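Protein chains in written order, with my numbering: chain A, 6 to 299; chain B, 24 to 316.
Every residue gets a Cβ at the ideal spot worked out from N, C-alpha and C, and that includes glycine.
Computed from a prediction, not measured in an experiment: that's the story for all the values here.
Notes follow once the structure below has been shown.
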């Protein structure tokens with residue numbers, strides 16, 4: 006394919022070669038495939054939503070009913086009272102917001118220092134931070150648990166939040182963006198006598214909004230869904246987060262009360278899905294950062 | 024720079040230290056500590072640890088259950104990575120065409136990726152319920168009796184593979200779509216003029232241009248699958264008869280259920296070595312990115 010042999014082609018020749026009914030059929034097949042896949046992806050969520058409003062009797066009757074006959078909100082009430090759901094919500098909100106705040110602050114400050122401040126061998130420090138990406142959480146679980154219990158932080162908010170406060174990926178994300186900011190603007194602000202904190206807050210961050218938003222959102226989603234670390238640290242309902250609480254609900258209601266369990270699942274899943282639909286562009290951007298150049 | 028250099032150094036340290044200290048304290052130090060603990064026997068509670076040298080490793084590599092769990096880890100990883108990449112590419116090619124509603128389809132496909140794995144596992148447990156679940160209902164329509172997904176060792180692994188793939192498929196689709204967008208249209212036009220059929224165009228243009236993206240997805244999917252925990256923990260607890268137990272699950276179980284810290288740390292160390300091989304590839308890749316931009 007090094008030499009492209011351009012033959013004179015009558016206008017629209019490529020199009021007219023194809024029979025209209027063939028392309029029509031092709032398009033129909035494509036739409037059918039897309040619809041099929043979307044259906045397949047939605048099916049479990051549909052199953053969850055319908056079960057959450059079905060009565061117990063309806064769920065446990067064969068043949069299975071595809072759409073609920075009645076809309077019963079009883080399942081939600083029961084899920085809310087069978088386990089302390091309110092508490093789980095509060096715990097999830099506290100650990101997610103404080104945990105994200107800690108992580109984002111660390112990422113932004115580190116990236117700012119790495120790009121705009123002078124320090125001997127600062128690239129080595131960057132590599133030292135980046136290398137943390139190579140250490141998966143599961144490998145460090147036991148020593149971290151030992152340390153946290155020595156600190157007396159088992160079953161506490163700080164025990165859940167603080168060990169996850171260091172950030173490598175977000176630092177990388179922010180640093181890469183800061184490097185693309187026009188130097189002239191930074192220099193001009195410096196000439197005007199802006200200190201570093203002011204520079205960060207009113208020059209650098211406003212110019213980095215999309216990246217910052219992506220960083221915040223992926224951190225929030227990650228914290229909200231975090232499972233293994235809270236599983237170890239939360240030993241009772243006082244600090245248990247939603248994913249763990251949902252499992253508590255499943256343990257207590259089990260396979261005999263799927264409607265109640267699905268109502269609980271709706272309560273856990275819907276806030277994240279709502280956030281996703283609202284801010285999907287930024288979330289997708291953050292989560293797929295680093296995959297494709299540019 | 025302009026003023027005294029040390030003043031800026033102090034500020035640099037003030038900005039960087041909190042992050043650095045947390046990473047050292049909760050990532051680097053425990054990594055070394057895990058390695059150290061693999062040479063001891065300890066029950067997580069008692070004040071004394073017993074030095075046992077290489078015993079944990081010789082036990083680990085001679086035990087049949089441990090080998091079975093390593094096998095499970097690779098089976099799970101291989102199956103999830105292959106299905107995610109193959110279906111991901113197929114769907115991306117489909118959604119790359121100018122179809123109405125493709126953005127909505129993309130959103131729907133990506134959505135499971137942001138949902139809690141624990142919640143997904145619980146929803147799917149109901150989907151796979153052998154009597155009242157969605158899968159049983161569909162199989163029943165086809166005249167097939169539903170297998171007992173949770174309790175049959177032959178079906179539990181396929182079950183968690185399906186759920187894990189369902190969750191991650193959209194990620195691969197979106198990354199592949201972004202990759203497809205970077206391929207210059209003129210290449211296809213030129214090939215078409217040369218009389219290349221659609222399969223030839225795919226093999227000679229699309230696939231080679233997607234190779235960096237495929238490599239990225241391959242590495243990140245392998246890393247993700249080898250660390251998969253929440254779905255397995257919620258759906259099967261590694262059972263029945265260890266048939267869905269992977270190395271990550273074994274680390275958790277040996278450490279926090281059986282209180283055999285030495286054995287758990289040994290598994291964790293071996294797992295880390297496996298992951299390191301894959302991660303070094305990834306970091307090389309990221310580094311190349313860094314130099315480009």
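Flag residue i as yes if its beta-carbon sits less than 8 Å from any beta-carbon of chain E, otherwise no.
| i | result |
| --- | --- |
| residue 307(B) | Although the question refers to chain E, the structure presented lacks it and instead comprises the protein chains A and B. |
Specify, as a first and last residue, the run of the alpha helix (DSSP H) that residue i falls within.
| i | result |
| --- | --- |
| residue 248(B) | 230 to 249 |
| residue 41(A) | 25 to 58 |
| residue 61(B) | Where residue 61(B) is concerned, there is no enclosing alpha helix (DSSP H), given that its DSSP letter is neither H nor E. |
| residue 193(B) | 176 to 204 |
| residue 123(A) | Segment: none, residue 123(A) is in no alpha helix (DSSP H) and carries neither H nor E. |
| residue 234(A) | 233 to 238 |
| residue 200(A) | No alpha helix (DSSP H) holds residue 200(A); DSSP gives it neither H nor E. |
| residue 155(B) | Taken as a continuous stretch (DSSP letters only), residue 155(B) belongs to no alpha helix (DSSP H), as it is neither H nor E. |
| residue 260(B) | Counting along the chain, residue 260(B) falls outside any alpha helix (DSSP H), and DSSP gives it neither H nor E. |
| residue 221(A) | 214 to 230 |
| residue 133(A) | 127 to 135 |
| residue 324(B) | The structure shown has nothing for residue 324(B), since chain B only spans 24 to 316. |
| residue 210(A) | Note, residue 210(A): premise wrong, no alpha helix (DSSP H); not H, not E. |
| residue 274(B) | 270 to 279 |
| residue 15(B) | Lying outside 24 to 316, the shown extent of chain B, residue 15(B) is not represented and no answer is given. |
| residue 162(A) | 162 to 166 |
Cα-Cα, which of the options is closest to residue i?
| i | options | result |
| --- | --- | --- |
| residue 281(A) | 138(B), 295(B) and 197(B) | 138(B) |
| residue 66(A) | 254(B), 156(B) and 165(B) | 156(B) |
| residue 231(B) | 245(B), 253(B) and 205(B) | 205(B) |
| residue 56(B) | 253(A), 204(A), 151(A) and 206(A) | 151(A) |
| residue 285(A) | 237(A), 267(A) and 221(A) | 221(A) |
| residue 265(B) | 76(B), 226(B), 245(B) and 96(B) | 96(B) |
| residue 203(B) | 162(B), 119(B) and 261(B) | 119(B) |
| residue 141(B) | 203(A), 256(A), 99(A) and 165(A) | 256(A) |
| residue 110(B) | 222(B), 300(B) and 185(B) | 185(B) |
| residue 274(A) | 193(B), 134(B), 229(B) and 213(B) | 134(B) |
| residue 112(A) | 210(A), 94(A), 252(A) and 203(A) | 210(A) |
| residue 247(B) | 229(B), 301(B) and 211(B) | 301(B) |
| residue 164(A) | 71(A), 68(A), 243(A) and 53(A) | 243(A) |
| residue 78(A) | 125(A), 47(A) and 55(A) | 55(A) |
| residue 160(A) | 238(A), 251(A), 215(A) and 53(A) | 238(A) |
| residue 356(A) | 236(A), 225(A), 204(A) and 245(A) | Outside the modelled stretch of chain A, which goes from 6 to 299, sits residue 356(A), for which no answer is possible. |
| residue 42(B) | 64(A), 87(A), 32(A) and 130(A) | 130(A) |
| residue 216(A) | 290(A), 204(A), 148(A) and 283(A) | 290(A) |
| residue 305(B) | 38(B), 233(B), 107(B) and 243(B) | 243(B) |
What residues of chain B sit near residue i, judged by a beta carbon separation below 9 Å?
| i | result |
| --- | --- |
| residue 171(A) | 41, 42, 43, 44, 45, 46, 47, 48, 49 and 50 |
| residue 49(A) | 135, 143, 146, 147, 149, 150, 157, 186 and 189 |
Taking 7 Å as the limit between beta carbons, can you name the residues of its chain near residue i, skipping five residues before and five after?
| i | result |
| --- | --- |
| residue 174(A) | 138 |
| residue 292(A) | 223 |
| residue 253(B) | 140, 141 and 144 |
| residue 289(B) | 61, 79, 80 and 83 |
| residue 11(A) | Note that residue 11(A) scores 44 on pLDDT, short of 50, meaning its location in the model is unreliable; the coordinates nonetheless yield the value given after this. Hits under 7 Å: none found. |
| residue 166(A) | 100, 103, 104 and 107 |
Residues of chain B with CB closer than 8 Å to the CB of residue i, please, in chain order.
| i | result |
| --- | --- |
| residue 293(A) | 194, 197, 198 and 201 |
| residue 65(A) | 155 |
| residue 149(A) | 49 and 53 |
| residue 191(A) | Residues of chain B passing the Cβ test: none, with the nearest at roughly 13 Å. |
| residue 232(A) | 139, 140, 141, 252, 253 and 256 |
| residue 143(A) | 250, 252, 271, 274, 275, 291 and 294 |
Apart from the five residues just before and just after residue i, which ones in its own chain have a Cβ nearer than 6 Å to its Cβ?
| i | result |
| --- | --- |
| residue 80(A) | 57, 264, 265 and 268 |
| residue 291(B) | 57 and 274 |
| residue 180(B) | 266 and 267 |
| residue 241(A) | none |
Run down chain A in chain order and give the residues with a C-beta less than 8 Å from the C-beta of residue i.
| i | result |
| --- | --- |
| residue 120(B) | 35 |
| residue 244(B) | Chain A residues near residue 244(B): none, gap ~12 Å exceeds 8 Å. |
Could you tell me which chain B residues have their CB closer than 7 Å to the CB of residue i, listed as they occur along the chain?
| i | result |
| --- | --- |
| residue 253(A) | Near residue 253(A) there are no residues of chain B at all, since even the closest Cβ is about 11 Å away, more than 7 Å. |
| residue 168(A) | 49 |
Residues of chain A with CB closer than 7 Å to the CB of residue i, please, in chain order.
| i | result |
| --- | --- |
| residue 265(B) | Those within 7 Å of residue 265(B) in chain A number zero; the least Cβ separation is about 18 Å. |
Spatial neighbours of residue i within its chain, please: C-beta separation below 8 Å, excluding the five flanking residues on both sides.
| i | result |
| --- | --- |
| residue 76(A) | 58 |
| residue 14(A) | Because the pLDDT at residue 14(A) is just 43, under 50, the model does not fix this residue reliably, and the value given afterwards should be weighed accordingly. So the list is empty, once near-sequence residues are dropped. |
Which bits of chain A does residue i rub up against, with CB to CB less than 9 Å?
| i | result |
| --- | --- |
| residue 130(B) | 281, 282, 285 and 289 |
| residue 97(B) | Ordered by position in chain A, no residue passes the 9 Å Cβ test against residue 97(B), which lies about 17 Å from the chain. |
| residue 32(B) | 122, 123, 124 and 125 |
| residue 284(B) | 147 and 151 |
Original post:
Can at least three beta-carbon pairs, one atom from the region 60 to 71 of chain B and one from the region 268 to 287 of chain B, be found at a separation below 8 Å?
Top reply: At 8 Å Cβ cutoff, the stretches touch.
Subject >> Touching by the beta-carbon criterion (3+ pairs, under 8 Å), the region 223 to 240 of chain B and the region 164 to 184 of chain B >> reply: In the pairwise beta carbon analysis, the region 223 to 240 of chain B is classified as not touching the region 164 to 184 of chain B: fewer than three pairs are separated by under 8 Å.
**OP:** Count the C-beta pairs between the region 84 to 102 of chain B and the region 177 to 189 of chain A that are closer than 8 Å, then say yes if the count reaches three, no if not.
**Re:** As far as the Cβ criterion goes, the region 84 to 102 of chain B does not touch the region 177 to 189 of chain A, which means the pair count is below three.
Subject >> Three CB pairs or more closer than 8 Å across the region 142 to 152 of chain A and the region 287 to 298 of chain B >> reply: A contact exists between the region 142 to 152 of chain A and the region 287 to 298 of chain B.
Original post:
Hey, is the region 187 to 197 of chain A in contact with the region 66 to 75 of chain B, meaning 3+ C-beta pairs nearer than 8 Å?
Top reply: At 8 Å Cβ cutoff, the stretches do not touch.
Original post:
Taking three-plus beta-carbon pairs below 8 Å as touching, is the region 115 to 132 of chain B in contact with the region 33 to 44 of chain A?
Top reply: Yes, since at least three Cβ pairs between the region 115 to 132 of chain B and the region 33 to 44 of chain A fall closer than 8 Å, the two stretches touch.
Subject >> Given 8 Å, three or more beta-carbon pairs between the region 129 to 136 of chain A and the region 197 to 212 of chain A >> reply: The region 129 to 136 of chain A vs the region 197 to 212 of chain A: no contact.
Original post:
Would you say the region 224 to 240 of chain A touches the region 94 to 112 of chain A, given that touching needs at least three Cβ pairs under 8 Å?
Top reply: For the pair of segments examined, the region 224 to 240 of chain A was found to touch the region 94 to 112 of chain A: the number of CB pairs separated by less than 8 Å reaches three.
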